[in-house]
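**Q**
Protein chains: 2
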Amino acid sequence: MNEFTVVIVDDHTLLSQAIQAMVNTFEKFRVLYTCKNGEELVRKFSEIENRPNVVLMDINMPIMNGIETTEWISKNYSNVNVMALSVEDEDITILKMLKAGAVGYLLKDTEKSILEKALIEIVENGFYHTKNVTNLLMKSISGNLEEEIIFNDRQIKFLKLACTELTYKEIADRMNLSPKTIDGYRDALFTKLNVRNRVGLVMYAIKNKVYTL
Amino acid sequence: MNEFTVVIVDDHTLLSQAIQAMVNTFEKFRVLYTCKNGEELVRKFSEIENRPNVVLMDINMPIMNGIETTEWISKNYSNVNVMALSVEDEDITILKMLKAGAVGYLLKDTEKSILEKALIEIVENGFYHTKNVTNLLMKSISGNLEEEIIFNDRQIKFLKLACTELTYKEIADRMNLSPKTIDGYRDALFTKLNVRNRVGLVMYAIKNKVYTL
DNA sequence: AATTTATACAGGAAAAACACCCTTTATATA
DNA sequence: TATATAAAGGGTGTTTTTCCTGTATAAATT
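Sequence lines, in order, name chains V and G. Following my numbering, the numbering of the first sequence begins with 1 at its first residue and continues without gaps. Following my numbering, the numbering of the second sequence begins with 214 at its first residue and continues without gaps.
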């Protein structure tokens, strides 16, 4: 009997267990165990000999998120297939997961039958891509994709503080820098992010999860 | 054979179907059908004679959200029990659901066994409250709870515009008001929301979903 | 009829934010 | 070794924001 094994990583226990129940109804698949976050998966991988064929990976998780975890799996267990299972359909997030090594990306509002089909495709062909993801990949190779903006540590720290009610002077104090330096940081980010004022910074930070509510 | 019926309302199809599979494994319960949002539930309630004993209700949904839907059910079908099933553990949200008539509030990171227990409690006793919810209710009656802040239409419009990169002068234009009036709106909200500056307004608006990203 | 309450708006001052241009000092890198 | 390049920060000026106090008017209450 040819049965494939699945591990589910999601911090929402109920969803995790519900998906488990669902996957276990699929003829060819069986759930080995579930994890609440990436850290738990790393631990289980070292404790348990039996490695799964497929990992169903949520992205937004505390401690160690889906992208980091996928990178870790790709690096250490390249024969384990990771399929992302997320509510986010932001291009950048999807690309990050694919770059991290995910071989599929499903939204949480897909049908049961699609999940089964995707799992089968993955174990048979090594990947499953929806139309959306394929289009995204096409956009990506043709360069029609705004590339990810990279920040250094200080910029991130500044951006986070800019999302508080502190004045720039107070931010300078917190970062042990001259207010003039903060001026520079701000102006550079205005240009880089193409925004006019602090509200633009705040919105960017929130939308791109630099600042978490 | 004494079987209770359940309806699931959630816009994430996969979760919806997975919970369905899970609930169907509970001895005493059977899922009648699932809905993607409140509107669909209203339609199904009018089309299908058989009404469920319990509705498992997500809160964040497009078109008609969990709170509105719960209100509708409470008003029109008081014998149908609504249990909220959400990722949000904000006091205000929970209270809104309870006020709307929900007889239980479970977070999505609870255990399968808790869900079953909650369902049994609800059909047997009419409610199921976790420790968190009970504590919240206690806080509520003792008045140790910051009450919900109410805004009028113009304040909401202003608050939304304050979340954009427009200056107050530009906001005044959009609202066909004098910049000085906008000054007044702003200052009143600063006091009301207890914030120092525009970032405070923006953060409040986002956290309380006055402004949607 | 008198009083409160809400709404719109004015003037003015001080603080903060924004814009631009320029210098120094490391650290790479061609 | 000459030359970028990145990071910190000074100078100056304008605009915007923030914080006051105060007025007028209409609607709602007492």
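Each residue gets a CB set at the ideal place from its N, CA and C atoms; glycine is no exception. In this text the structure is predicted, and so the values were computed from the model without any measurement.
Which chain V residues are close to residue 257 of chain G, counting only those with a beta carbon under 7 Å from its beta carbon?
**A** In chain order: nothing, as chain V lies at least about 18 Å away.
**Q** Identify the continuous alpha helix (DSSP H) that holds residue 384 of chain G and give its terminal residues.
**A** 381-387
**Q** State yes or no: is the beta carbon of residue 349 of chain G nearer than 9 Å to at least one beta carbon in chain V?
**A** no
**Q** Going by C-alpha to C-alpha distance, which of V:36, V:3, V:10, V:14 sits closest to residue 327 of chain G?
**A** V:14
**Q** Excluding sequence positions up to five away, which residues of its chain have a Cβ less than 6 Å from the Cβ of residue 66 of chain V?
**A** 57, 58, 59
**Q** Taking just the CA atoms, how far does residue 39 of chain V sit from residue 232 of chain V?
**A** In the structure as shown, chain V begins at 1 and stops at 213. Residue 232 of chain V is therefore absent and cannot be evaluated.
**Q** Using the DSSP secondary-structure output, state which residues sit across from residue 290 of chain G in a beta bridge.
**A** None, per the DSSP bridge assignment.
**Q** Contact between the stretch 187-207 of chain V and the stretch 306-315 of chain G is defined here as three or more beta-carbon pairs at a separation below 8 Å; is this criterion met?
**A** no
**Q** Can you list the alpha helix (DSSP H) stretches of 4 or more residues lying completely in the stretch 236-283 of chain G, in chain order?
**A** Fully enclosed alpha helix (DSSP H) runs of 4 or longer: 251-260.
**Q** From residue 302 of chain G to residue 345 of chain G, what does the alpha carbon distance come to, in whole angstroms?
**A** 9 Å
**Q** Between the C-alpha atoms of residue 134 of chain V and residue 101 of chain V, what's the straight-line distance to the nearest angstrom?
**A** 15 Å
**Q** Chain G beta carbons: is any one of them nearer than 9 Å to that of residue 300 of chain V?
**A** Outside the displayed range of chain V (1 to 213) lies residue 300 of chain V, so it cannot be described from this structure.
**Q** Which of helix, strand or coil does DSSP assign to residue 86 of chain V?
**A** strand
**Q** Can you name the residues of chain V whose CB is closer than 7 Å to the CB of residue 419 of chain G?
**A** At a beta-carbon threshold of 7 Å, the residues of chain V lying near residue 419 of chain G are 206, 213, ordered along the chain.
**Q** For the stretch 63-93 of chain V, which residues have a CB atom closer than 9 Å to at least one CB atom of chain G, in sequence order?
**A** Against chain G - using a Cβ distance shorter than 9 Å - the residues of the stretch 63-93 of chain V are 85, 87.
**Q** Name the chain G residues that come within less than 7 Å of residue 174 of chain V, Cβ to Cβ?
**A** Going along chain G, no residue has its Cβ under 7 Å from residue 174 of chain V, so there is no contact; the nearest lies around 15 Å.
**Q** Specify, as a first and last residue, the run of the beta strand (DSSP E) that residue 8 of chain V falls within.
**A** 4-9
**Q** Can you give me the C-alpha to C-alpha distance between residue 382 of chain G and residue 372 of chain G, rounded to a whole angstrom?
**A** Distance between the alpha carbons of residue 382 of chain G and residue 372 of chain G is about 14 Å.
**Q** Starting from the Cα of residue 208 of chain V, find the closest Cα among V:91, V:24, V:18, V:187 and give me that residue.
**A** V:91
**Q** Would you tell me roughly how many angstroms separate the C-alpha atoms of residue 330 of chain G and residue 260 of chain G, rounded to the nearest one?
**A** 30 Å
**Q** At a CB-CB cut-off below 7 Å, which residues of chain G make contact with residue 38 of chain V?
**A** In chain order: nothing, as chain G lies at least about 16 Å away.
**Q** Along chain G, in chain order, which residues have C-beta atoms closer than 8 Å to that of residue 194 of chain V?
**A** Neighbours of residue 194 of chain V on chain G: none; closest Cβ ~10 Å, over 8 Å.
**Q** If I measure Cβ to Cβ from residue 244 of chain G and keep anything under 6 Å in the same chain, skipping five residues before and after, which residues do I get?
**A** 219, 233, 236, 237
**Q** Name the two residues that bound the continuous alpha helix (DSSP H) containing residue 339 of chain G.
**A** Here residue 339 of chain G belongs to no alpha helix (DSSP H), and DSSP marks it neither H nor E.
**Q** Take the Cβ of residue 351 of chain G as the centre, count every other Cβ of all protein chains shown within 10 Å, and call the residue buried at 16 or more, exposed below.
**A** exposed
**Q** What's the C-alpha gap between residue 51 of chain V and residue 295 of chain G?
**A** 41 Å
**Q** Using a C-beta to C-beta distance shorter than 8 Å, which residues of chain G count as neighbours of residue 202 of chain V?
**A** Near residue 202 of chain V (Cβ distances below 8 Å), the residues of chain G are 412, 415, 416.
**Q** Closer than 7 Å, Cβ to any Cβ of chain G: which residues of the stretch 98-117 of chain V, in chain order?
**A** 108, 109, 110, 111, 112, 115
**Q** Measuring straight from C-alpha to C-alpha, what distance separates residue 85 of chain V and residue 221 of chain G?
**A** 20 Å
**Q** For residue 424 of chain G, does the three-state DSSP call read helix, strand or coil?
**A** coil
**Q** For residue 255 of chain G versus residue 285 of chain G, is the C-beta spacing smaller than 9 Å?
**A** Taking 9 Å as the Cβ cut-off, residue 255 of chain G and residue 285 of chain G qualify as a contacting pair.
**Q** Residues of chain G with a CB under 8 Å from the CB of residue 153 of chain V: which are they?
**A** What residue 153 of chain V touches in chain G: nothing, since even the nearest Cβ is about 22 Å away.
**Q** For residue 122 of chain V, count neighbouring Cβ atoms within 10 angstroms of its own Cβ and tell me buried if that reaches 16, exposed if not.
**A** buried
**Q** Could you tell me if residue 217 of chain V is buried or exposed, where buried requires 16 or more neighbouring beta carbons within 10 angstroms of its beta carbon?
**A** Any answer about residue 217 of chain V is impossible in this case: the structure gives chain V only from 1 up to 213.
**Q** Contact criterion: CB-CB distance below 9 Å. Does residue 218 of chain G meet it with respect to chain V?
**A** Cβ-Cβ to chain V under 9 Å: no for residue 218 of chain G.
**Q** Please name the residue in V:27, V:16, V:10, V:11 whose C-alpha comes closest to that of residue 120 of chain V.
**A** V:27
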